[in-house]
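Numbering (my numbering), first residue to last: 159 to 428.
Backbone N, C-alpha and C define an ideal beta-carbon position, used for all residues, glycine too.
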């Protein structure tokens with residue numbers, strides 16, 4: 159192809175007999191470093207090449223990655239956490255570009271159930287890919303059974319990672335690593351924090367009663383109780399969050415998962 163010398167990746171065919179690819183910036187290396195042809199530390203440019211016209215054009219100046227639709231007519235582009243769909247053969251404008259709001263996608267996780275599943279899967283994968291078919295004579299099922307009751311005492315991703323390290327330590331082998339899962343990865347605008355009400359609740363006869371509204375700090379907008387100044391009084395019973403009934407056992411906080419920094423509707427009875 160008649161293109162300038164550079165580093166290219168992500169070559170895909172698109173509709174109309176063209177190709178798209180990523181062109182990466184070329185950087186040099188000083189004497190104390192090594193040149194890495196696969197270095198992708200820079201920000202790539204998305205380009206389109208019209209084969210019939212032997213002409214190249216730039217679609218997106220900088221991006222993180224992209225994907226081609228099944229019919230080759232559209233591209234999904236990710237740029238610093240923002241997702242949009244653009245034409246595959248020309249620069250998108252306000253009419254042809256569709257922005258996709260990932261914040262509308264809500265994925266709820268039950269941590270205890272997830273940890274139970276992850277523990278079983280970690281044991282299965284370790285057995286399947288261990289370097290010695292017979293696990294070096296170790297009773298792996300017995301090891302998993304020995305530590306399994308501790309899964310019910312796990313309270314955080316770090317706890318779970320520490321438990322898996324102890325389990326894998328029974329193998330007495332190297333190259334068995336565990337990293338704790340992180341819930342706060344990704345762009346800040348897509349983070350969903352636990353919603354808090356700045357108040358204490360107590361469970362009485364299957365209902366959640368407001369015991370105390372925390373005073374907060376009036377001089378700091380980030381340290382004010384959401385319930386302060388609403389007219390809600392101590393002793394009121396919280397019955398619904400955004401129209402969903404409060405569970406008599408788990409209380410309101412599961413319903414406030416991911417609601418930090420947003421507006422929710424609370425229903426109280428005196």
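Burial state of residue i, where buried means 16 or more other Cβ atoms lie within 10 Å
i	result
residue 371	buried
residue 200	exposed
residue 224	buried
residue 202	buried
residue 232	buried
residue 284	buried
residue 204	buried
residue 235	buried
residue 169	exposed
residue 277	buried
Residue span of the beta strand (DSSP E) that contains residue i, given as start and end
i	result
residue 300	That residue, residue 300, is in no beta strand (DSSP E); its alpha helix (DSSP H) goes 298 to 305.
residue 233	232 to 237
residue 242	240 to 245
residue 182	176 to 182
residue 397	395 to 399
residue 264	Unbroken run through residue 264: none, as it is neither H nor E.
residue 215	213 to 218
residue 205	203 to 208
residue 170	165 to 172
residue 424	424 to 427
residue 357	357 to 362
residue 367	365 to 371
residue 404	Counting along the chain, residue 404 falls outside any beta strand (DSSP E), and DSSP gives it neither H nor E.
residue 226	223 to 226
Residue interval of the alpha helix (DSSP H) (run including residue i)
i	result
residue 325	315 to 327
residue 274	269 to 287
Among the options, the one whose alpha carbon lies nearest that of residue i
i	options	result
residue 213	395, 176, 396 and 225	176
residue 295	317, 381, 330 and 223	330
residue 107	356, 262 and 281	Limits of the chain in this structure are 159 at one end and 428 at the other, which puts residue 107 out of reach.
residue 386	354, 417 and 362	354
residue 179	260, 218 and 420	218
residue 172	208, 308, 162 and 185	208
residue 263	424, 425, 350 and 168	350
residue 338	328, 237 and 321	321
residue 220	182, 261 and 327	182
residue 418	237, 234, 168 and 261	261
residue 340	314, 169 and 236	314
residue 227	167, 244, 237 and 211	244
residue 406	379, 361 and 425	361
residue 333	289, 185 and 216	289
residue 167	210, 211 and 222	222
residue 216	423, 161, 240 and 210	161
Beta-carbon proximity list for residue i, same chain, < 8 Å, skipping 5 on both sides
i	result
residue 359	366, 367, 368, 369, 396, 409 and 410
residue 420	353
residue 383	355, 356, 357, 371, 372, 373 and 374
residue 316	338
residue 271	none
residue 237	218, 220, 221 and 222
Neighbourhood of residue i by C-beta, 6 Å cutoff - its chain only, sequence neighbours within 5 removed
i	result
residue 257	242
residue 302	281
residue 325	305
residue 273	309, 312 and 318
residue 328	301
residue 336	319, 322 and 323
residue 254	245
residue 423	400
7 Å Cβ shell around residue i - same chain, five flanking residues per side excluded
i	result
residue 230	171, 172, 173 and 246
residue 159	207
residue 428	394
Contact between the segment 237 to 254 and the segment 265 to 273 (3+ Cβ pairs under 8 Å): no
For the 8 Å Cβ check, are there 3 or more pairs between the segment 364 to 383 and the segment 391 to 399? yes
Are three or more beta carbon pairs between the segment 377 to 390 and the segment 399 to 416 nearer than 8 Å? no
Taking 8 Å as the cut-off, does the segment 407 to 416 touch the segment 372 to 385 (at least 3 CB pairs, one atom from each stretch)? no
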